[in-house]
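Some notes on the structure that comes next.
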Amino acid sequence: MTGENKIGIDLRQGLRNSIYDGAFAQIMSVLTSGIFLTGFALLLGANELHIGILAAIPFVAQLTQLGSSFVIEQKGKRKRTCLAFANVNRYSWLLVFAILFLRNPQQNSTSIWILVGASIISYLFGAAGGVAWLSWMADLVPEEIRGRFFAKRNMILGIVGVVVTLLAGKYLDFWKNLGSRAEVYGFLSVFLIAVTSGVISLHFLKKIPDLEKEKATRKDFSFWKRIKIPFGDSNFLRLTLFSASWSFSVNLASPFFAVYMLKDLRMSYALLAFVIILNEISTILSLPLWGRLSDRYGSKPVLSLTTLFASLLPMLWLLTVSRHFVLIIIILQLYGGLFWS
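By the numbering used here, the letter at position 23 of the sequence shown is numbered 27, and the numbering carries on one by one without gaps.
Encoded structure:
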């Protein structure tokens with residue numbers, strides 16, 4: 005076998021393993037975030053402050069990317085760095101099983117802080133490892149197939165996410181019907197499945213080949229100078245200001261929609277999973293439309309239009325006080341998917 009053929013085979017196997025890794029990592033991500041993380045927190049007695057903290061953790065964790073990107077440029081060991089962070093990201097969720105040693109986990113504030121602690125560790129290391137993964141994959145996947153590969157990978161991950169969300173919602177409803185104590189065990193079993201899936205994803209991640217990245221030279225190495233470079237661009241500053249103000253506005257309310265549906269509207273996990281999936285389907289179906297409009301009129305006009313209509317969504321949730329709230333929520337999810345896509 006020639007060297008070129010071996011490289012071709014290694015690349016194909018590496019890309020295949022990347023899809024397998026992504027699929028199992030997606031299972032873990034779905035089961036330890038969103039409605040399932042919120043639902044577990046509420047079951048353990050979380051209040052609005054706890055929910056707000058859980059919602060803020062992923063955003064705060066992004067700050068670790070500054071340091072990890074510097075380390076990667078200095079050391080050049082992307083695969084090793086990614087695997088080290090990914091291991092902590094996966095195994096940190098085992099901390100939630102400490103709840104089993106509490107006498108009354110639903111009446112003990114320690115249980116919710118255990119969940120918050122596990123979430124903090126997982127997201128911090130996940131965000132840090134994500135930088136290494138992106139750099140690693142950017143060099144691994146040839147540019148001429150990069151778009152097709154990630155489109156296929158993201159489609160598979162989307163399908164996995166939809167299936168897992170529906171199944172987990174139905175599964176948790178079964179435990180919920182057995183009583184609140186049983187529901188705690190139901191959630192813990194979901195987190196066990198999540199950790200197992202995360203560990204399986206590590207197996208495939210290890211099998212992906214790495215291309216050594218050239219280390220930055222000493223003269224390239226001024227951390228603070230690199231931080232300052234983007235801020236010299238006025239367009240970047242305006243975009244940053246827009247993104248920051250938009251994110252602030254959105255996240256004032258978005259973490260509490262799931263709380264509202266679970267706690268006030270008393271929706272089942274299966275029904276909540278269903279309406280969330282409708283939002284995702286609406287998003288997927290709307291992408292080609294906005295893509296064509298962006299090509300024709302430019303991204304900025306499309307962004308202005310979609311931002312305007314998306315900003316109306318929180319007010320429209322006032323309509324859910326009606327006894328037909330399920331139908332209204334379905335319409336709002338489709339509406340949100342259209343303009344958020």
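For each residue, glycine too, the CB sits at the ideal point set by N, CA and C.
Quick check on the DSSP output: the alpha helix (DSSP H) that includes residue i runs from which residue to which?
i: Tyr175; result: Glu147 to Lys180
i: Ile212; result: Premise fails: Ile212 is in no alpha helix (DSSP H) and is neither H nor E.
i: Ala248; result: Ser238 to Ala257
i: Ala102; result: Unbroken run through Ala102: none, as it is neither H nor E.
i: Ser73; result: Thr68 to Lys79
i: Lys304; result: Ser303 to Ala314
i: Phe40; result: Gly38 to Leu47
i: Pro62; result: Glu52 to Ala65
Within 10 angstroms of the Cβ of residue i, are there 16 or more other Cβ atoms? Answer buried if so, exposed if not.
i: Thr42; result: buried
i: His357; result: Because the chain is modelled from 5 through 345, residue 357 falls outside the range shown and cannot be assessed.
i: Lys232; result: exposed
i: Tyr273; result: buried
i: Tyr127; result: buried
i: His54; result: buried
i: Ser167; result: For the record, residue 167 in the displayed sequence is Val; it is not Ser. By the 10 Å Cβ count, Val167 comes out exposed.
i: Phe94; result: In the sequence as presented, Phe is not what sits at residue 94; that position holds Arg. Label assigned to Arg94: buried.
i: Asp25; result: buried
i: Gln17; result: exposed
i: Ser22; result: buried
Just the Cα atoms here: how many angstroms apart are residue i and residue j?
i: Leu342; j: Ala59; result: 23 Å
i: Gln337; j: Leu46; result: 23 Å
i: Leu19; j: Trp344; result: 30 Å
i: Glu187; j: Asn181; result: 8 Å
i: Ser247; j: Arg107; result: 44 Å
i: Asp237; j: Phe63; result: 23 Å
i: Val330; j: Lys267; result: 14 Å
i: Met265; j: Asn51; result: 15 Å
i: Arg300; j: Thr310; result: 16 Å
i: Ser308; j: Phe153; result: 30 Å
i: Phe325; j: Ile332; result: With the sequence shown as reference, residue 325 is identified as Val, and Phe is not the correct amino acid for it. So the alpha carbons of these two residues sit roughly 9 Å apart.
i: Leu243; j: Gly133; result: 25 Å
i: Ala314; j: Tyr339; result: 8 Å
i: Ile118; j: Ala65; result: 18 Å
Would you call the CB atoms of residue i and residue j closer than 8 Å?
i: Met32; j: Ser201; result: yes
i: Leu282; j: Gly173; result: no
i: Leu215; j: Leu144; result: yes
i: Ile116; j: Gly49; result: yes
i: Ser184; j: Gln111; result: no
i: Gln30; j: Gly151; result: no
i: Phe89; j: Phe28; result: no
Contact criterion: CB-CB distance below 8 Å. Does residue i meet it with respect to chain C?
i: Ser193; result: Among the chains in the structure shown there is no chain C, since it carries only a single protein chain.
Item to check | Touching by the beta-carbon criterion (3+ pairs, under 8 Å), the stretch 279-299 and the stretch 195-202 | outcome: no
Checklist entry - At a cut of 8 Å, does the stretch 99-106 reach the stretch 205-213 through at least three beta carbon pairs? => result no
Next on the checklist: Using 8 Å as the cut-off, can you tell me whether the stretch 175-186 makes contact with the stretch 93-100, which would need three or more C-beta pairs spanning the two stretches below that distance?
Outcome noted: no
Next on the checklist: Pairs of beta-carbons, one from the stretch 150-160 and one from the stretch 69-84, closer than 8 Å: are there three or more?
Outcome noted: no
Checklist entry - Is there contact between the stretch 127-143 and the stretch 81-94, where contact requires at least three CB pairs shorter than 8 Å? => result yes
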